[in-house]
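Enquirer: I have a structure here, written as structure tokens, and I will follow up with some questions on it.
Residue numbers (this note's numbering), protein chains in the order written: chain Y, 1 to 795; chain F, 1 to 339.
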């Protein structure tokens, strides 16, 4: 909402600078976004009197003028306009002046003759025919002769206007008006304020003799007022009115339409003007539209209406969509002679829905949908009549049509100053509270201790709302700052939150960088990931109104997000990319009205350099190890189509799968545009967390030496080492301390289809030094088990 | 004999003077002091001496022996020191060459800022609450005093899953979930991901993050709100930071405020970052609306509370001078590695 300061000055004198004004209003809750001076771009341009005008000696179209610019000696100016004449009063851009668009004027020679500035056209001053109120002739702008030489041109055209731009919150529709902002200003600057009552004279006729109004839906139309103007003379509006509308972002149309817009801005009350000729049967009916009824609105768009749309109609047809926009069929025309002013209040949510459905957001609808004061309709329409009289553009017909619907009166609220002080943490006196509230036109009853908000403040519903009004004008700055007292709370993180922090530490320590990816994705990723058509992963939570297909479903896997990040880094030539994220997936329950199951997934992805399957597996192992996850095992998984069938493992804890780790299938990486092997892992955080052993106990450091034996064997290359280890552990007994794989070899000197595997096995007893015989016995058992259970042969 | 000893001593001294390495020293030791060495030979020949001469020569021989032993030791440490010096000189490296760095990953800048905020909050006795991204309309709007058709819904362009299920547009629904489950005193912060249907550009993203704070107890005042957030901001932005509360409107708080901090770039003088205002708008806050308390089964006549919420990206952008929101979600390693 824009507020021209001169308009505010109609109600009170503002004796603070625009900056201070902006600061003070901001601090009472009317946030100022900025103050703009409309004449800012024009500098050093004054009115001048052309004393003489001679042809340029060296040009067939230029003239050399002597101009009095109110500085004693007249100055010489060369002018190229055909209409310049001696005796005119004209705008003169002096030496070192500025014009709109960043134009700078300095003195200089034009075809050898010195020119000390420029005589300006209206375009050069950034003025339109609208600003002037008439169409000027081609060439320089000729001003009225009563303007003295030397007068600043911004003052001549009222261009030195400070326009304050306010951010109005949705709870304050009353502040979408000059009067509303004036009221806030008066309360803030502690100035007296009252809305002047419109004064005008009426003829002896009565509107009711000509027009009849019927309101059929009194829930949706809370009040409908109409006044009639006859002998209307349509024409341009005066420049002061045009300028004010312009400063508020509204284009001038003609005097009658401008009056409705002027009142809209001033009172915050949308108005509409109908041409009586177009109201069939001289009748206005406020009714629901017929299903499928059509109307062409003022912007010349056709709309098909539904039966819950409120329309204004005449005896035959709809002439306006109530609260949104008037109809093209009844607009004000150049030859309109009789006008009906409508000033009505419509139900907020009805207007909101209608405007949304029609795709029309207008000055009117944006005010109606926040809830307007039905008591504002009569003063507003009267103000319109006053303006008609002031502009001399018609004759106000006597009488008013005023039909009230279901108007709710504001509630009387209890007023407990001690409670408000306790709530705010302040010590504001009753008289101060009363003063703040009265400035806002609240009614305070100190006997009954009640407070009643004015009808234009439907946002005031409870005592907390009253407390806010008091706090605003007491000043938020004046409220003390205290620290929390009362019962202490311990605070802190849950074990899950701590575990997640630890996971971030462990993964960054291993060189992975944390990422944040979008949680919604494209349904096409399932094909990209080679996920089969019947997979449950394809059952997604869908967004009804997505921004686009590529962000239209909530993800059920993090692999695609991970691969997208890898691909982006790959395309940008970032080598050795290792990343991770702890992010959510969303698994729909399949039942309407239920939220999806949101699960947190630790996902990792990497490519480049020396990275292979064992790199990422090692990271998973170190993670599980450091978190003390119980019984982690890995099992080959050749079934997951997203992954390489021979280089992928399920991660299990206590036999239950909690994740997957492996190389991404080359067809998948190719689809993501990555020409390098990629490795990824997904681990379900909750499953992992549930298997964390939090009961860690110290084990005594060994006091007796360990005995180590190396073992090398030949075994079928298909036998996984995990099987060998299981066989060894099964046979080794209590003295086994550790089994460490140190070599796997295939190739020369190894028979086809076999591999050589070598381990270091360590034995130790807690209470004695082991003898060679003991160790040899165990070792023999291990060898035997390997032979019988895995077919391994000692090398 | 005496001359012989002198002679040995002189010869040995002479040899020691020329000994250049440990081997030479060892040879000298063997030559004079070894089992078959010259001095040993002299001592072996002592039997032929008269009883009067024997102690004198014996003493002299021992003297020579310990003299030589000492000389050899000294020479040995000299040579060792010299050798070590030479060794050290050979081992000189270019210490300006880069070290062999472990490639340690980085936390995302949003996590770093969030961790800072969590630490401050925990220090003030707050816990950390969480809630679902896919949320009921009731929690995201209605329980927060934003009924259907409320104009405030316009400013939060919502993604819908079903009629009554949305992608949460704010972290405030977590407030409601916490109050439903937990009785006062409540002190929580609730960070989380939120969604609004804004097309992506340098300052808009359909996905971003907020942090919500909620305090509910008996006797919580607006002065407590001010004091708590002031302390919070001073911890986050430095003790010189000034804080300003401006009246504002949120449907779920009353009174409501926006909190500005003095610009952390210019300190309030006015600059590019604060657009000349000297203040930076940072968060929204207010006293929890009595209707919201009542919706959660908390009696507003007995309890009161305050809530605040702010955008994590905004804080991180200010902190690290990041001018494009998209960088957070692109995850370019060259970006991630800077934090």
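We put the beta carbon where it would ideally sit given N, CA and C, even for glycine.
#1: Please list, in chain order, all residues of the same chain as residue 157 of chain F whose beta carbon is under 7 Å from its beta carbon, the five residues on each side excluded.
#2: Name the DSSP bridge partner or partners of residue 303 of chain Y?
#3: Taking just the CA atoms, how far does residue 261 of chain F sit from residue 241 of chain F?
#4: From the beta carbon of residue 217 of chain F, is the nearest beta carbon of chain Y less than 8 Å away?
#5: Where does residue 274 of chain F fall in DSSP's three states?
#6: Below 8 Å CB to CB, which residues in the same chain sit around residue 802 of chain Y once its five sequence neighbours on both sides are set aside?
#7: Grab the span of the alpha helix (DSSP H) containing residue 223 of chain Y for me, first residue to last.
#8: Mind checking residue 245 of chain Y: buried by the 16 CB within 10 Å criterion, or exposed?
#9: Chain F beta carbons: is any one of them nearer than 8 Å to that of residue 578 of chain Y?
#10: So within the stretch 581 to 622 of chain Y, which uninterrupted beta strand (DSSP E) runs reach at least 3 residues, ignoring any that extend past its ends?
#11: Rounded to the nearest angstrom, how far is the Cβ of residue 520 of chain Y from that of residue 551 of chain Y, given a contact under 8 Å?
#12: In chain order, what residues of the same chain have a beta carbon less than 6 Å from the beta carbon of residue 381 of chain Y, not counting five sequence neighbours either side?
#13: Here's a check: name, in chain order, each residue in its chain whose Cβ is nearer than 6 Å to the Cβ of residue 216 of chain F, leaving out the five neighbours to either side.
#14: Does the Cβ-Cβ distance between residue 6 of chain Y and residue 161 of chain Y come in under 8 Å?
#15: Go ahead and label residue 109 of chain Y buried or exposed: buried means 16 or more other beta carbons lie within 10 angstroms of its beta carbon, across all protein chains shown.
#16: Report all residues from its chain with a CB closer than 7 Å to the CB of residue 723 of chain Y; omit the five preceding and five following residues, and keep chain order.
#17: Given residue 252 of chain Y, which residues of its chain have a CB within under 8 Å of its CB, disregarding the five upstream and five downstream residues?
#18: Buried or exposed for residue 133 of chain F, going by 16 or more other Cβ atoms inside 10 Å?
#19: Considering only residues of the same chain and omitting the five flanking positions on each side of residue 663 of chain Y, which have a CB-CB separation below 6 Å?
#20: Indicate whether residue 508 of chain Y and residue 247 of chain F have their beta-carbon atoms separated by less than 8 Å.
#21: Do residue 243 of chain F and residue 259 of chain F have their C-beta atoms within less than 8 Å of each other?
#22: Taking the alpha carbon of residue 408 of chain Y as the point to measure from, which residue in Y:448, Y:14 and Y:453 has its own alpha carbon closest?
#23: Quick one: which residues of the stretch 184 to 215 of chain F get their C-beta closer than 7 Å to a C-beta of chain Y? List them in chain order.
#24: What's the gap between the Cα of residue 540 of chain Y and the Cα of residue 146 of chain F?
#25: Between the stretch 14 to 29 of chain F and chain Y, which residues of the former have CB atoms less than 9 Å from a CB of the latter, in chain order?
#26: Report the rounded CA-to-CA distance for residue 736 of chain Y versus residue 721 of chain Y, giving the unit in angstroms.
#27: For a quick check, are the C-beta atoms of residue 315 of chain Y and residue 281 of chain Y less than 8 Å apart?
#28: Report the three-state DSSP secondary structure of residue 149 of chain Y (helix, strand or coil).
#29: Cβ closer than 9 Å: which chain Y residues qualify as neighbours of residue 287 of chain F?
#30: Could you check where the beta strand (DSSP E) with residue 657 of chain Y kicks off and where it finishes?
#31: Kindly provide the ranges of any alpha helix (DSSP H) runs that are 4 or more residues long and lie completely inside the stretch 112 to 181 of chain F, ordered along the chain.
#32: Taking the alpha-carbon positions, what's the residue 125 of chain Y to residue 76 of chain Y distance?
#33: What residues from the stretch 476 to 495 of chain Y come within 9 Å of chain F, judged by C-beta to C-beta, listed N to C?
#34: DSSP beta-bridge partners for residue 634 of chain Y?
#35: Under 8 Å between beta-carbons, which chain Y residues line up against residue 136 of chain F? List them in chain order, please.
#36: If you drop the 5 nearest sequence neighbours on each side, which residues of the same chain put their C-beta closer than 7 Å to that of residue 60 of chain F?
Expert: Well, looking at it:
#1: Within the second chain, residue 157 of chain F is the residue found at index 157, counting from 1. The answer, listed in chain order, is 196, 197 and 198.
#2: Within the first chain, the letter at position 303 stands for residue 303 of chain Y. Its beta-bridge partners are Y:295.
#3: For the purposes of this step, residue 241 of chain F is taken as residue 241 along the second chain, with counting starting at 1. For the purposes of this step, residue 261 of chain F is taken as residue 261 along the second chain, with counting starting at 1. The straight-line gap from Cα to Cα measures roughly 7 Å.
#4: In the second chain, counting from the first residue as 1, residue 217 of chain F sits at position 217. Output row for residue 217 of chain F: interface = yes.
#5: Along the second chain, read from residue 1 onward, the residue named residue 274 of chain F stands at position 274. Looking at residue 274 of chain F - three-state DSSP - the assignment turns out to be coil, as it is neither helix nor strand.
#6: The question about residue 802 of chain Y has no answer, for chain Y in this structure spans 1 to 795.
#7: Against the first chain, residue 223 of chain Y aligns to sequence position 223. Run containing residue 223 of chain Y: none in the alpha helix (DSSP H); it sits in the beta strand (DSSP E), 221 to 230.
#8: As a working mapping, residue 245 of chain Y is identified with position 245 in the first chain. Under this definition residue 245 of chain Y is a buried residue.
#9: Residue 578 of chain Y sits at position 578 when you count from the first residue of the first chain. Answer yes: the Cβ-Cβ gap between residue 578 of chain Y and chain F drops below 8 Å somewhere.
#10: 597 to 607
#11: Here residue 520 of chain Y is taken as the residue at index 520 of the first chain, counted from 1. Here residue 551 of chain Y is taken as the residue at index 551 of the first chain, counted from 1. Yes, they are in contact, since the Cβ atoms of residue 520 of chain Y and residue 551 of chain Y sit about 5 Å apart, within 8 Å.
#12: If you number the first chain from 1, residue 381 of chain Y lands on position 381. Hits under 6 Å: 225, 227, 341 and 343.
#13: Taking the first residue of the second chain as position 1, residue 216 of chain F is located at position 216. These residues qualify, in order along the chain: 184, 186, 303 and 305.
#14: On the first chain, position 6 is the one that residue 6 of chain Y refers to. On the first chain, position 161 is the one that residue 161 of chain Y refers to. Their beta carbons are under 8 Å apart, which means residue 6 of chain Y touches residue 161 of chain Y by this criterion.
#15: Mapped onto the first chain, residue 109 of chain Y falls at position 109. Burial call: exposed.
#16: Counting from one through the first chain, the residue named residue 723 of chain Y turns up at place 723. Cβ neighbours of residue 723 of chain Y beyond the five flanking positions: 790.
#17: Taking the first residue of the first chain as position 1, residue 252 of chain Y is located at position 252. Only 130, 236, 237, 241, 242, 245, 246 and 258 meet the Cβ criterion.
#18: The residue labelled residue 133 of chain F in the question sits at position 133 within the second chain. Residue 133 of chain F comes out buried.
#19: Locating residue 663 of chain Y in the first chain gives position 663, where the first residue counts as 1. 613, 644, 647, 677 and 679, listed in sequence order.
#20: Against the first chain, residue 508 of chain Y aligns to sequence position 508. Against the second chain, residue 247 of chain F aligns to sequence position 247. No, Cβ-Cβ distance for residue 508 of chain Y and residue 247 of chain F is not below 8 Å.
#21: Locating residue 243 of chain F in the second chain gives position 243, counting from the first residue. Locating residue 259 of chain F in the second chain gives position 259, counting from the first residue. Yes.
#22: Position 408 of the first chain, counted from the start, is the residue given in the question as residue 408 of chain Y. In terms of CA proximity to residue 408 of chain Y, Y:453 leads the group Y:448, Y:14 and Y:453.
#23: 185, 187, 193, 197, 199, 206, 207 and 215
#24: Against the first chain, residue 540 of chain Y aligns to sequence position 540. Against the second chain, residue 146 of chain F aligns to sequence position 146. Cα to Cα, residue 540 of chain Y sits roughly 28 Å from residue 146 of chain F.
#25: For the stretch 14 to 29 of chain F, the set of positions with a beta-carbon nearer than 9 Å to some beta-carbon of chain Y is empty.
#26: Translated into positions along the first chain, residue 736 of chain Y becomes position 736. Translated into positions along the first chain, residue 721 of chain Y becomes position 721. Answer to the nearest angstrom: the Cα atoms are 18 Å apart.
#27: One-based indexing of the first chain puts residue 315 of chain Y at position 315. One-based indexing of the first chain puts residue 281 of chain Y at position 281. Yes, the pair counts as a contact, with Cβ atoms nearer than the cut-off.
#28: If you number the first chain from 1, residue 149 of chain Y lands on position 149. Residue state, collapsed to three classes: coil.
#29: Here residue 287 of chain F refers to the residue found at position 287 when the second chain is read from its first residue. Ordered by position in chain Y, the residues that pass the 9 Å Cβ test against residue 287 of chain F are 423, 424, 464, 467 and 468.
#30: Counting from one through the first chain, the residue named residue 657 of chain Y turns up at place 657. It spans 656 to 664 - the beta strand (DSSP E) in which residue 657 of chain Y sits, taken as one unbroken run.
#31: Complete alpha helix (DSSP H) runs here, min 4: 137 to 140 and 172 to 181.
#32: Position 125 of the first chain, counted from the start, is the residue given in the question as residue 125 of chain Y. Position 76 of the first chain, counted from the start, is the residue given in the question as residue 76 of chain Y. Rounded to the nearest angstrom, the two C-alpha atoms are 20 Å apart.
#33: 476, 477, 479, 480, 481, 482, 483, 484, 485, 486, 487, 488, 489, 490, 491, 492, 493 and 494
#34: For this step, residue 634 of chain Y is matched to residue 634 along the first chain. Y:651, per the DSSP bridge assignment.
#35: Residue 136 of chain F sits at position 136 when you count from the first residue of the second chain. Simply 595.
#36: To locate residue 60 of chain F, count along the second chain from 1; it is residue 60. Around residue 60 of chain F: 2 and 5.
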